[in-house]
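J.: Pasting a structure here, questions to come.
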Amino acid sequence: MVHTCVDSTIEELARLENEPLLTYPMKDQIKNLQVELKCLKMFFWCLPMSEEAGKNFHLQSAMSTFISAVEVANKGLYFAGLNAIRKKLGRNWRLLTSNLLEKVEHFKSEIKKHCNFLFHLSLNSTKFSTDDEVLNFMDCMIMNLKDLNDSKDEVFAPLNNQIGSLEEKLSFFRKFVDFTVKRCSEHQKLEDFLAHILAWANKAAPFILVLAQ
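In our numbering, each residue's number is its place in the sequence shown (first place is 1) plus 8.
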């Protein structure tokens, strides 16, 4: 499975979400962070797959700044969350989460500035090496679409049907890919099949990336 810089943070937030004394306001904070980071997870998944990625200096610089912010947050996010839940000492938690959200918003604005590059990148990246990576990429997109559809933001209301339709298609293809992979014994045919599915999924990825901004 492809590892991204936000995976550890998402896992830490999931652990905090299971704490029995978690308050509703903090639960909303965690959910908000999870939604934002899962969206960026898809971006980080796409970016390394193109040789063109390293040529966009401004985007690479913004990415490095964001990765540094995530690394700082990872050092204390979980224990700051535990202290906020159990001891009602939420200052460190508020500082860490507000700073991380600020970095997320800034990074998303950088992504938006480079929409054309991202469309080219997603449509031309086909370097997944395993069926698990294809399935995980599709899972990531499905989760992002579900979060967009569940959003209370009125901006997405006119697009609910399109988002829902794309989510359904991806979910169907995800099940179909999983079914086929488990039953296909011819390696070359499986590679051709996965390349075809990935090309289709890549066409959906830029739409989700840009929409989520």
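Where is the CB? At the ideal position from N, CA and C, for every residue including glycine.
A quick note: this is a predicted structure, and the numbers were derived from the prediction, not measured.
May I have the straight-line CA-CA distance separating Y32 from V142, to the nearest angstrom?
T.: Stepping through the sequence shown from its first residue, residue 32 is reached at position 24. Stepping through the sequence shown from its first residue, residue 142 is reached at position 134. If you draw a straight line from the Cα of Y32 to the Cα of V142, it comes to about 35 Å.
J.: How close, in whole Å, do the beta carbons of F74 and K111 come, if the pair is a contact with beta carbons under 8 Å?
T.: By 1-based counting over the sequence shown, the position of residue 74 is 66. By 1-based counting over the sequence shown, the position of residue 111 is 103. The C-beta separation of F74 from K111 comes to about 6 Å, placing the pair in contact by the 8 Å criterion.
J.: Give me the Cα-Cα distance between L21 and I38, rounded to the nearest whole angstrom.
T.: The sequence position of residue 21 within the sequence shown is 13, counting from 1. The sequence position of residue 38 within the sequence shown is 30, counting from 1. Approximately 6 Å, taken between the alpha carbons.
J.: Taking the alpha-carbon positions, what's the I150 to D186 distance?
T.: For the purposes of this step, residue 150 is taken as residue 142 along the sequence shown, with counting starting at 1. For the purposes of this step, residue 186 is taken as residue 178 along the sequence shown, with counting starting at 1. Approximately 15 Å, taken between the alpha carbons.
J.: With DSSP as the reference, label N100 as helix, strand or coil.
T.: Position 92 of the sequence shown, counted from the first residue, corresponds to residue 100. Helix, per DSSP.
J.: Compute the beta-carbon to beta-carbon distance between V43 and D139, rounded to the nearest angstrom, for a pair I have assumed lies under 8 Å.
T.: Here residue 43 corresponds to residue number 35 of the sequence shown, with the count starting at 1. Here residue 139 corresponds to residue number 131 of the sequence shown, with the count starting at 1. No, V43 and D139 are not in contact; Cβ-Cβ is about 27 Å, not under 8 Å.
J.: Return the Cβ separation of L41 and I93 in integer angstroms, given the expectation that the two are a contact with Cβ distance under 8 Å.
T.: Here the question's residue 41 lines up with position 33 in the sequence shown. Here the question's residue 93 lines up with position 85 in the sequence shown. Incorrect: roughly 15 Å between the Cβ atoms, too far for contact.
J.: Using beta-carbon positions only, say whether L167 and Y86 come within less than 8 Å of one another.
T.: Along the sequence shown, read from residue 1 onward, the residue named residue 167 stands at position 159. Along the sequence shown, read from residue 1 onward, the residue named residue 86 stands at position 78. L167 places its beta carbon 8 Å or farther from that of Y86.
J.: Taking the straight line between their C-alpha atoms, what separation do you get for V14 and C192?
T.: Walking along the sequence shown from the start, residue 14 turns up at place 6. Walking along the sequence shown from the start, residue 192 turns up at place 184. Those two C-alpha atoms are separated by around 33 Å.
J.: Can you look up H66 in the DSSP assignment and give me helix, strand or coil?
T.: To locate residue 66, count along the sequence shown from 1; it is residue 58. H66: helix per DSSP, three-state reduction.
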